[in-house]
Structures are given as structure tokens and as C-alpha cells.
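Residue 151 in our numbering sits at position 166 of the sequence shown, with consecutive numbering throughout.
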Amino acid sequence: MGLIHLVFGQASVPVLEEAIAMDEKMIGEILCFEDDLSVGPLFILDTPEGRANRKIFWQQLAGIEIPAAEETVATTPAVETTEDTEDIDRFRTLKARLKEDPELEVWIWAGQNARDVSGYYWLVNQLYDFSGRIHIIYLNNLPFLNEKNAVYYPTHLHQILPKEFLKAKKLARPISLAEYELDGDEWRRLMNENAGIRLLEGGKKLKGEPTLFYDKELLAQSGKEFVKAWKVVQQVTGKLKYPVMDQFLGWRLKELIKEEKLQSRGELKTIRDFEIKLPGETIEDNNSSATGA
């Protein structure tokens, strides 16, 4: 019997590789899906147009200028490129292999975070034909031991020691027919809701929020003096139960600068390249004015 382990994001791969090397019953290949479906548009993601819209979203986050012609992609047929279709190609290959090999099984690994849960919903909506062979290992609010043998509750797979995966594998269970139906409905709800971001409220419950959800907190962590953008992002993420992508928060800072709700200096590239502050004079500016007077 063949086995494929599915994870969401490269950070989960090294620890799972180590765990697999410790237990011959876990031997199998790892397939990693890269797109973080907890942020950005999901509308009609099962179509080329929907996937093209996500490409535009990621280009925005990366600061890539989008040609005006591409902005109408949602209303015109899109031709997918290799770059667009990496995850969808991985999925199509997986599906083809499941059809070819009736003995092949899949283990979906998901931590208690919005990215993994969003990815799970995306997959389960498309794997009904292979029920009984698709297993879920959802590490929902489960205790693990850290390097000092202290109990803690990880939210992401990469926070778990490789040897602890050997215990977690016992949680593997086939996805039920009821879950295929209910969770498939939930995925379609998420696509139609098309929220800017999705937050995990507990269990597998995702709540959609607008793209500007964190703007208020980013402004609250900004002051009258210039400070590195990455420090503001770090202060915001430090307060969150479930971390948010630095790249996403950095993009929101740039949008707040465009809206003149923040001022900046430096190049608006990564969050380590520029500083921000609230509009208005800084103390240095006031001191310079006083000296000049």
C-alpha cells in the first residue's frame, strides 16, 4: 500500500520528513500545497478565472504592478500559466494517481490554524470519489511535549517535535461520507462569501472578515515617531492567537500609506525596507523648527 502525506506550506515538510524516517509505517512521500487560502479571494476558485484572480492578489502583495488589461480577468476567460497552476497541477496529479492505484492512501495533516483548515476544505470538496482512502489528522487543541518535556498546545505542524508525530499518527481516520457532504458545503460557502481573510474560531469553524480587518490594530501600534515596519507587524502578530502572514500585514501597511493614514520613509519593498509613523510632525521635526527659529 502506498501512502502520500499532504501538508500546507513548506515549513511543515522538514519535521514530517524526520518523523517519517523514525517509523517505517509512515513511509511515503510528502506533497506540499503552497497557496495560503486563508487570505485573499476565493470566488469561483474552481475555475481558471478564479485562480487568475488569486494570482493578481499575490502580485499585489508582492508589490508587482498589474497591467490594466489583467484587472478585467474576472469577466474574461483566462489562460492559466505554469505559475498559476502549481497547486492545481499537484492536485490533478494526485487525483490521477489515486485513480491509477486503488491501494494508494492519503493522510491530510492539519494544524489548528486557518491556513491548514482552509486547505483541508479545498481538498475535501474534490476527493469524494476516493472516500475510505483519504484520512485526516487534525491536531485540534491537542497537547504535545516540547524539548523540555513540558506540555504545550501547538497551532502549526512545524512547532511539533518529529518524535511527537509518531503519537499524532494514531489520530489518522478516514474522512466520513457526512464530512464530505458538510465540509464540501462549507467550502462552497467560503467561496461564495469571498471574504478578504478567514479566521479560525475553533474546531474547523472559519469566520470571514474584510481585507482591512487588521488595519485598526496596525494603526494602533504606530506612533508619532518613525519605526521599522517589521516591528509594527511583529507587535500586531504578537497579540494574535493565530499568526497572520507578515507579507499580508506589510501589504496592508502600504495600502494605509497610499490612503495617507500613515507616512513612510525608505523603499516600499519588504517590511524591513521602510519605516512608518502616523501623519503629523515628529519630535525631531518640532525640535528642528524650534532651533531654526
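Positions of the beta carbon are idealized from the N, C-alpha and C atoms, including for glycine.
Counting only unbroken stretches of 3 or more residues, the beta strand (DSSP E) elements lying wholly within the stretch 108 to 150 are 119 to 124, in sequence order. Per DSSP, the continuous beta strand (DSSP E) segment holding Glu186 begins and ends at 182 to 187. Asn126 has its alpha-carbon roughly 6 Å from the corresponding atom of Tyr138.
DSSP, reduced to helix, strand and coil, places Ile256 outside both helices and strands of the structure shown, so it counts as coil. Under the three-state reduction of DSSP output, Lys190 falls in the strand class. Collapsing the DSSP output to three states places Pro159 in a strand. Counting of Cβ neighbours within 10 angstroms places Ile145 among the buried residues, the total reaching 16 or more. Minimum Cα-Cα distance from Gly117 among the listed residues Gly169, Val217, Glu164, Lys243 corresponds to Glu164.
Assignment of beta-bridge partners to Gly251 by DSSP yields Phe259.
Bridge pairing for Lys213: Glu260 [DSSP]. Assignment of beta-bridge partners to Ile93 by DSSP yields Leu(-9), Ile121.
Burial state of Tyr106 is buried, judged by a 10 Å Cβ sphere holding 16 or more other Cβ atoms.
Contact between Pro159 and His120 holds, with the beta-carbon distance rounding to 6 Å and staying under 8 Å. Under the DSSP assignment, Glu14 falls in the beta strand (DSSP E) whose first and last residues are 14 to 18.
Rounded to whole angstroms, Arg173 and Gly265 show a C-alpha spacing of 46 Å. Beta-bridge analysis with DSSP links Val24 to Ile182. Per DSSP, the unbroken alpha helix (DSSP H) holding Gln45 starts and ends at 33 to 46. When Lys154, Thr222, Lys216, Trp215 are compared, the shortest CA-CA separation from Leu(-9) is found for Lys154.
By the 16-neighbour rule on beta-carbons within 10 angstroms, Gly235 is buried.
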